[in-house]
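Shown next, in structure tokens, is the structure this report addresses.
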Amino acid sequence: MAVAARAALPLPHLSLPSTSRRSPRLSLTPSSAPRLRGGAATSVAAGTSAAPQQHQVTTRLGDVIEAQQFDRDALNEIFEVAREMEAVERGSHGAPSRVLEGYLMATLFYEPSTRTRLSFEAAMRRLGGEVLTTENAREFSSAAKGETLEDTIRTVEGYSDIIVLRHFESGAARRAADTANIPVINAGDGPGQHPTQALLDVYTIKREIGTLDGIKLGLVGDLANGRTVRSLAYLIAKYQNIKIYFVSPDVVKMKDDIKDYLNSKGVEWEESSDLLEVASKCDVIYQTRIQKERFGERIDLYEAARGKYIVDKKVLDVLPKHAVIMHPLPRLDEVTVEVDSDPRAAYFRQAKNGLYIRMALLKLLLVGNKSLDPCENAALFCMANVHVQILVHVT
Amino acid sequence: MAVAARAALPLPHLSLPSTSRRSPRLSLTPSSAPRLRGGAATSVAAGTSAAPQQHQVTTRLGDVIEAQQFDRDALNEIFEVAREMEAVERGSHGAPSRVLEGYLMATLFYEPSTRTRLSFEAAMRRLGGEVLTTENAREFSSAAKGETLEDTIRTVEGYSDIIVLRHFESGAARRAADTANIPVINAGDGPGQHPTQALLDVYTIKREIGTLDGIKLGLVGDLANGRTVRSLAYLIAKYQNIKIYFVSPDVVKMKDDIKDYLNSKGVEWEESSDLLEVASKCDVIYQTRIQKERFGERIDLYEAARGKYIVDKKVLDVLPKHAVIMHPLPRLDEVTVEVDSDPRAAYFRQAKNGLYIRMALLKLLLVGNKSLDPCENAALFCMANVHVQILVHVT
Amino acid sequence: MAVAARAALPLPHLSLPSTSRRSPRLSLTPSSAPRLRGGAATSVAAGTSAAPQQHQVTTRLGDVIEAQQFDRDALNEIFEVAREMEAVERGSHGAPSRVLEGYLMATLFYEPSTRTRLSFEAAMRRLGGEVLTTENAREFSSAAKGETLEDTIRTVEGYSDIIVLRHFESGAARRAADTANIPVINAGDGPGQHPTQALLDVYTIKREIGTLDGIKLGLVGDLANGRTVRSLAYLIAKYQNIKIYFVSPDVVKMKDDIKDYLNSKGVEWEESSDLLEVASKCDVIYQTRIQKERFGERIDLYEAARGKYIVDKKVLDVLPKHAVIMHPLPRLDEVTVEVDSDPRAAYFRQAKNGLYIRMALLKLLLVGNKSLDPCENAALFCMANVHVQILVHVT
Numbered sequence: 001m002a003v004a005a006r007a008a009l010p011l012p013h014l015s016l017p018s019t020s021r022r023s024p025r026l027s028l029t030p031s032s033a034p035r036l037r038g039g040a041a042t043s044v045a046a047g048t049s050a051a052p053q054q055h056q057v058t059t060r061l062g063d064v065i066e067a068q069q070f071d072r073d074a075l076n077e078i079f080e081v082a083r084e085m086e087a088v089e090r091g092s093h094g095a096p097s098r099v100l101e102g103y104l105m106a107t108l109f110y111e112p113s114t115r116t117r118l119s120f121e122a123a124m125r126r127l128g129g130e131v132l133t134t135e136n137a138r139e140f141s142s143a144a145k146g147e148t149l150e151d152t153i154r155t156v157e158g159y160s161d162i163i164v165l166r167h168f169e170s171g172a173a174r175r176a177a178d179t180a181n182i183p184v185i186n187a188g189d190g191p192g193q194h195p196t197q198a199l200l201d202v203y204t205i206k207r208e209i210g211t212l213d214g215i216k217l218g219l220v221g222d223l224a225n226g227r228t229v230r231s232l233a234y235l236i237a238k239y240q241n242i243k244i245y246f247v248s249p250d251v252v253k254m255k256d257d258i259k260d261y262l263n264s265k266g267v268e269w270e271e272s273s274d275l276l277e278v279a280s281k282c283d284v285i286y287q288t289r290i291q292k293e294r295f296g297e298r299i300d301l302y303e304a305a306r307g308k309y310i311v312d313k314k315v316l317d318v319l320p321k322h323a324v325i326m327h328p329l330p331r332l333d334e335v336t337v338e339v340d341s342d343p344r345a346a347y348f349r350q351a352k353n354g355l356y357i358r359m360a361l362l363k364l365l366l367v368g369n370k371s372l373d374p375c376e377n378a379a380l381f382c383m384a385n386v387h388v389q390i391l392v393h394v395t
Numbered sequence: 001m002a003v004a005a006r007a008a009l010p011l012p013h014l015s016l017p018s019t020s021r022r023s024p025r026l027s028l029t030p031s032s033a034p035r036l037r038g039g040a041a042t043s044v045a046a047g048t049s050a051a052p053q054q055h056q057v058t059t060r061l062g063d064v065i066e067a068q069q070f071d072r073d074a075l076n077e078i079f080e081v082a083r084e085m086e087a088v089e090r091g092s093h094g095a096p097s098r099v100l101e102g103y104l105m106a107t108l109f110y111e112p113s114t115r116t117r118l119s120f121e122a123a124m125r126r127l128g129g130e131v132l133t134t135e136n137a138r139e140f141s142s143a144a145k146g147e148t149l150e151d152t153i154r155t156v157e158g159y160s161d162i163i164v165l166r167h168f169e170s171g172a173a174r175r176a177a178d179t180a181n182i183p184v185i186n187a188g189d190g191p192g193q194h195p196t197q198a199l200l201d202v203y204t205i206k207r208e209i210g211t212l213d214g215i216k217l218g219l220v221g222d223l224a225n226g227r228t229v230r231s232l233a234y235l236i237a238k239y240q241n242i243k244i245y246f247v248s249p250d251v252v253k254m255k256d257d258i259k260d261y262l263n264s265k266g267v268e269w270e271e272s273s274d275l276l277e278v279a280s281k282c283d284v285i286y287q288t289r290i291q292k293e294r295f296g297e298r299i300d301l302y303e304a305a306r307g308k309y310i311v312d313k314k315v316l317d318v319l320p321k322h323a324v325i326m327h328p329l330p331r332l333d334e335v336t337v338e339v340d341s342d343p344r345a346a347y348f349r350q351a352k353n354g355l356y357i358r359m360a361l362l363k364l365l366l367v368g369n370k371s372l373d374p375c376e377n378a379a380l381f382c383m384a385n386v387h388v389q390i391l392v393h394v395t
Numbered sequence: 001m002a003v004a005a006r007a008a009l010p011l012p013h014l015s016l017p018s019t020s021r022r023s024p025r026l027s028l029t030p031s032s033a034p035r036l037r038g039g040a041a042t043s044v045a046a047g048t049s050a051a052p053q054q055h056q057v058t059t060r061l062g063d064v065i066e067a068q069q070f071d072r073d074a075l076n077e078i079f080e081v082a083r084e085m086e087a088v089e090r091g092s093h094g095a096p097s098r099v100l101e102g103y104l105m106a107t108l109f110y111e112p113s114t115r116t117r118l119s120f121e122a123a124m125r126r127l128g129g130e131v132l133t134t135e136n137a138r139e140f141s142s143a144a145k146g147e148t149l150e151d152t153i154r155t156v157e158g159y160s161d162i163i164v165l166r167h168f169e170s171g172a173a174r175r176a177a178d179t180a181n182i183p184v185i186n187a188g189d190g191p192g193q194h195p196t197q198a199l200l201d202v203y204t205i206k207r208e209i210g211t212l213d214g215i216k217l218g219l220v221g222d223l224a225n226g227r228t229v230r231s232l233a234y235l236i237a238k239y240q241n242i243k244i245y246f247v248s249p250d251v252v253k254m255k256d257d258i259k260d261y262l263n264s265k266g267v268e269w270e271e272s273s274d275l276l277e278v279a280s281k282c283d284v285i286y287q288t289r290i291q292k293e294r295f296g297e298r299i300d301l302y303e304a305a306r307g308k309y310i311v312d313k314k315v316l317d318v319l320p321k322h323a324v325i326m327h328p329l330p331r332l333d334e335v336t337v338e339v340d341s342d343p344r345a346a347y348f349r350q351a352k353n354g355l356y357i358r359m360a361l362l363k364l365l366l367v368g369n370k371s372l373d374p375c376e377n378a379a380l381f382c383m384a385n386v387h388v389q390i391l392v393h394v395t
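Residue numbers (full-length UniProt numbering), protein chains in the order written: chain A, 1 to 395; chain B, 1 to 395; chain C, 1 to 395.
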């Protein structure tokens, strides 16, 4: 009787695609769809024309290893999902997301980076997922033990669904991804890459200015050593009609490899020593910290470089109304505190965008770009209840 | 049809106040009601007379910065909620609370304090909330980087709903609260304040003895350096007919500022060197550890002070039946192990009360003092299902 | 009317045993059934013959302190539950387990052991439970403070439902268990025991080979110092017709106490210096790491011992098809990387089994061995909804 009643239920609510993953009763299919490892995201349309609440699994990223892996389409998709995440986060208290319920993220940090780790863990939690934290991952491979990164990854992938790796060696994230059967996100590997920072920087420009094509961007400060500005230059070059101004002390000037790359992409750039003039023409001033540790014993050089280009009230006075000040944080005094209260000071919003970008990446890597329509989960949830109700009612 | 059926549902189950926050479907209002920052708690009655399951949002604290911020009414309200938390905790296994579901607490600890951190994190979890842990928050502002506390707070508030701060500098909690747009709880700021410890101490007296007015309290041990006894003296002075006995080695006597404060509040106090005589007259003996680190190289003075006033079997022999022994823990041998099995040894219950007080504060800071009636959540939950059921049944 | 309708519901769905703990509405009974402390598991049948979805609370372990505490029946029960956990883990994404929802595990680690901690925390999360992490538990009893382990346990048990203890002192787990009113699991206490490792080793043999009786087992490497192989020898001796081969450099030979123990249990063993010959006859080759730290300044002895018995392609060539290579990890080069791709390389599956064994233990310690039939939770869940539905529908 219960069975008959179930069979009589209206089709639209039952004919869910077999890849549906939110119903606790109708489908237990694990997340084993083939992932596109380390490449750009592409679309895989799920043919589920019968169902009104259609699951559009259009994207599943493989790993996030370096900024260059993303083409414009992939960036656009990530940014669209990141934008949706603002609503997901806003709904946390009344209607917390369960998109990643039952998923476990391991933050495998070989060096501490509280800021990055926190934003990843917050991202996972805001999507209903859980976290395993390892801030002292070096202990895995401590002197006496000497385990390889590959062996560690093989162990940790048995305990989790995704690994966020922070490592001191350039290339570690790629090695981890090559080993793991679960997605890996590079949360910074030494002097190498920090792709989620690059993504949140570009996303912030788009979110603040409304567009990326045609942007005039002033990169200020330590352009020689900061991987942030280098990655940003790589990513922004994918857009049209970009103009970049480099403003930096001589000792930390932008290196030729990036200049050559920009030339090869047809991106216009010029060097300037006049921050005010640059600020008056830019949409974005991206300030960075002069890294003391790069100067060794030449404290005099550091002090000279550090004080040279400060974003302060005078910069604000010439900066266009629609423009913004960005900074990857932490800052010392290269952006003065008086700037904070200006609406064009975007650096704390930028830090917050790190949350949205990481939420987007976690979602895309773990469940793909299926719709976030709130009715969908509800419908699936109701599906689960249908069986129950009928068992009970038909007596 | 589904809509019609929904409209016909009995009023009592639908006419929920719009501030209801537990329904994932009916209300997405974020927790943005204005908070009373840093002041005493006051009452805000929610006019929802129509609904039988009425939400009484009577209190929303702003921040918890120092013991003195609470008046008697605020203390009473916190203690009432703490009492309710005992049932919430007992129900954890069968019916875990979801009061703070979707809320994220960041424990921003600039120095480790495992005991305090654990009890806050347990409190958050027992209410259905989630936790971001940062035990090495100093890394935020490490030498090379030098970020200000204010900048760190502005970043972390983007990732969480409440910050529990442990800092090495007096006044840090106040600075954090002045910066943050989310609630801040001071979990100890250097030699400054540790208000949640003071609250749990006073709550323990009330819980164990049944009243606070008229209490006779013996403060024993290091009265000069212990911020615990100092805060306790401040708080207990808010009650009527208090009598305090100070029992301490000469080198760590209670300081004049507290004595003056008690005088100004009309609280009777006296110093005594006879612990047994004091114990025979008190409702509460509050023993504390002599802090070796305060004596520098004068180990001889430390050893003399340390052995002088020990709570042991002899103290129990003269202590009234209804009285209790308290201690903020950890202890060395200033309370002997033989005391532990006596029902008047209240220090482990006191530690447990730390959980209830912190649960109460988290609830009050994040969702206010709405009713914990178990039917309420159920009713709201059923509301969410109603829609679903009707969609399915009316075919 | 609502009440009448409820009363008319079919009995099978309502007559749940009063110990049922998953229904948020029907039973709030806390987990207070008497636990069998530190002894072997025994069966307690719950007389609930009327209900089709019957809860069989057959086992509740007390604590997990040492490998020897388990008899064959207890081992079998743990292994059966561990096997069920594979399906629970597979279902994590679509239908995450809520078996331990509302339970809080404290990982109280006095020394870091990221691998062990991670697998316990993953186990708790995969069952729907929550975690309090304390990797620096030594801070509890830091020099200045000097709290005893017993006092720490009394505090932490107030904040959690189960304690996983890693300690540097042999016997610490037993002391903790004697103090605590909640279950304690020994996650390694110095040179003492690491019983969950021993359990996962034996489980892996059973899982890989299909049986434990009649096994031929080669123990290779550091047999003198490795607590792993010593515990394994103790546990495997509980089975029939076991043959053990000891293959180790002279400086780290198996000690007489284990040999005597095996003799007393009638377990056949022999020593061999021919790894290839042993490998050709065994079902399991259990390789271990030579621990450099045991050799002090005699690096020459270490280097000689370390290179002597390596599991490599040559060992694979003679190893029977059905046999497996095990290793407790981490490894250096005592198993060469070329072995990894051979299906008989079981060490990463072995590490994964640590997850299943720990899931099983957490479940058995916290809620006992009640059925994991997926219909059960559903039925109970529907029970909760029944009340709701009727309140709503009968209008």
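Every residue gets a Cβ at the ideal spot worked out from N, C-alpha and C, and that includes glycine.
These numbers were taken from a predicted model, which means no experiment stands behind them.
| Pick from C:Phe79, C:Pro112, C:His93 and C:Glu130 that is closest to Ser92 of chain B, judged by C-alpha positions | Within the second sequence, numbered from 1, the residue matching residue 92 of chain B stands at position 92. That would be C:Glu130, whose Cα lies nearest to the Cα of Ser92 of chain B.
| field | N-terminal and C-terminal residue of the beta strand (DSSP E) that Arg175 of chain B is part of | value | Here the question's residue 175 of chain B lines up with position 175 in the second sequence. Run containing Arg175 of chain B: none in the beta strand (DSSP E); it sits in the alpha helix (DSSP H), Ala172 to Thr179.
| Ala122 of chain B vs Leu132 of chain C beta-carbon contact at 7 angstroms | One-based indexing of the second sequence puts residue 122 of chain B at position 122. One-based indexing of the third sequence puts residue 132 of chain C at position 132. Result yes, Cβ atoms of Ala122 of chain B and Leu132 of chain C sit closer than 7 angstroms.
| query | Nearest chain A C-beta to Gly210 of chain B closer than 7 angstroms, yes or no? | reply | As a position in the second sequence, residue 210 of chain B is number 210, starting the count at 1. Taking Cβ atoms only, chain A never reaches closer than 7 angstroms to Gly210 of chain B, which makes this a no.
| Residue span of the beta strand (DSSP E) that contains Ile236 of chain C, given as start and end | Counting from 1 along the third sequence, the entry for residue 236 of chain C is found at position 236. Note, Ile236 of chain C: premise wrong, no beta strand (DSSP E); alpha helix (DSSP H) at Arg227 to Ile236.
| said: For chain C, check one thing: does any of its Cβ atoms lie closer than 7 angstroms to the Cβ of Ile162 of chain A? | reply: Counting from one through the first sequence, the residue named residue 162 of chain A turns up at place 162. The beta carbon of Ile162 of chain A sits no closer than 7 angstroms to any beta carbon of chain C.
| If Val252 of chain B sits next to Asp63 of chain B, beta carbons under 8 angstroms apart, how far is it from one beta carbon to the other, in whole angstroms? | Position 252 of the second sequence, counting from 1, holds the residue named residue 252 of chain B. Position 63 of the second sequence, counting from 1, holds the residue named residue 63 of chain B. The pair is not a contact, with the Cβ atoms about 31 angstroms apart (cut-off 8 angstroms).
| request: In angstroms with no decimal places, state the Cα-to-Cα distance between Asp153 of chain B and Gly221 of chain A. | output: Locating residue 153 of chain B in the second sequence gives position 153, counting from the first residue. Locating residue 221 of chain A in the first sequence gives position 221, counting from the first residue. The sequence as given places Ile at residue 153 of chain B; Asp does not occur at that position. The C-alpha of Gly221 of chain A is placed about 24 angstroms away from the C-alpha of Ile153 of chain B.
| query | His55 of chain B to Leu362 of chain B, Cα distance in whole Å? | reply | Numbered from its first residue, the second sequence carries residue 55 of chain B at position 55. Numbered from its first residue, the second sequence carries residue 362 of chain B at position 362. Note that His55 of chain B has pLDDT 39, beneath the 50 cutoff, so the model's placement of it is unreliable and the number below is only indicative. Straight-line Cα distance between these residues: approximately 18 angstroms.
| In whole angstroms, what is the alpha-carbon distance linking Tyr234 of chain B and Pro112 of chain B? | Along the second sequence, read from residue 1 onward, the residue named residue 234 of chain B stands at position 234. Along the second sequence, read from residue 1 onward, the residue named residue 112 of chain B stands at position 112. Distance between the alpha carbons of Tyr234 of chain B and Pro112 of chain B is about 26 angstroms.
| Any 3 or more C-beta pairs closer than 8 angstroms across the stretch 317 to 325 of chain A and the stretch 341 to 350 of chain A | At 8 angstroms Cβ cutoff, the stretches touch.
| query | Cβ of Asn76 of chain B within 7 angstroms of Cβ of Tyr203 of chain B? | reply | Here residue 76 of chain B refers to the residue found at position 76 when the second sequence is read from its first residue. Here residue 203 of chain B refers to the residue found at position 203 when the second sequence is read from its first residue. Going by C-beta atoms, Asn76 of chain B is not nearer than 7 angstroms to Tyr203 of chain B.
| request: Name the one or two DSSP bridge partners that Thr107 of chain B has. | output: Taking the second sequence and counting its residues from 1, the one referred to as residue 107 of chain B is at position 107. Thr107 of chain B pairs with B:Thr133 and B:Val164.
| query | Going by DSSP, what residues sit across from Asn186 of chain C in a beta bridge? | reply | For the purposes of this step, residue 186 of chain C is taken as residue 186 along the third sequence, with counting starting at 1. According to DSSP, Asn186 of chain C bridges with C:Leu165.
| request: Using the Cα positions of Arg298 of chain C and Gly146 of chain A, report the straight-line distance between them to the nearest angstrom. | output: By one-based count along the third sequence, residue 298 of chain C stands at place 298. By one-based count along the first sequence, residue 146 of chain A stands at place 146. The alpha-carbon of Arg298 of chain C is positioned some 19 angstroms away from that of Gly146 of chain A.
| Among A:Val311, A:Leu276, A:Ala177 and A:Leu319, which residue has its Cα nearest to the Cα of Leu332 of chain A? | Taking the first sequence and counting its residues from 1, one reaches residue 332 of chain A at position 332. Nearest option by C-alpha distance: A:Val311.
| Cβ of Leu165 of chain A within 7 angstroms of Cβ of Arg125 of chain C? | For the purposes of this step, residue 165 of chain A is taken as residue 165 along the first sequence, with counting starting at 1. For the purposes of this step, residue 125 of chain C is taken as residue 125 along the third sequence, with counting starting at 1. Not closer than 7 angstroms, so no.
| Residue burial classification, Asn225 of chain C (beta-carbon count within 10 angstroms, cutoff 16) | Residue numbering aside, residue 225 of chain C sits at position 225 when the third sequence is read from its first letter. The C-beta of Asn225 of chain C has 16 or more other C-beta atoms within 10 Å across all chains shown, which makes the residue buried.
| field | Chain-ordered neighbours of Arg117 of chain A on chain C, where CB pairs are closer than 8 angstroms | value | Here residue 117 of chain A corresponds to residue number 117 of the first sequence, with the count starting at 1. Those within 8 angstroms of Arg117 of chain A in chain C number zero; the least Cβ separation is about 13 angstroms.
| request: Could you tell me the boundaries of the beta strand (DSSP E) in which Phe348 of chain B lies? | output: Working through the second sequence from its first residue, we reach residue 348 of chain B at position 348. Going by DSSP, Phe348 of chain B is part of no beta strand (DSSP E) but of the alpha helix (DSSP H) stretching over Tyr347 to Leu366.
| request: Return no unless some Cβ of chain B is closer than 7 angstroms to the Cβ of His93 of chain A. | output: The residue labelled residue 93 of chain A in the question sits at position 93 within the first sequence. Chain B, which has a Cβ nearer than 7 angstroms to the Cβ of His93 of chain A, makes this yes.
| query | When the distance is taken between beta carbons, is Arg358 of chain C closer than 7 angstroms to Phe168 of chain C? | reply | As a working mapping, residue 168 of chain C is identified with position 168 in the third sequence. As a working mapping, residue 358 of chain C is identified with position 358 in the third sequence. Not closer than 7 angstroms, so no.
| query | Can you give the Cα-Cα distance for Leu199 of chain A and Leu365 of chain A, rounded to whole angstroms? | reply | Within the first sequence, numbered from 1, the residue matching residue 199 of chain A stands at position 199. Within the first sequence, numbered from 1, the residue matching residue 365 of chain A stands at position 365. Rounded to whole angstroms, Leu199 of chain A to Leu365 of chain A spans 15 angstroms at the Cα level.
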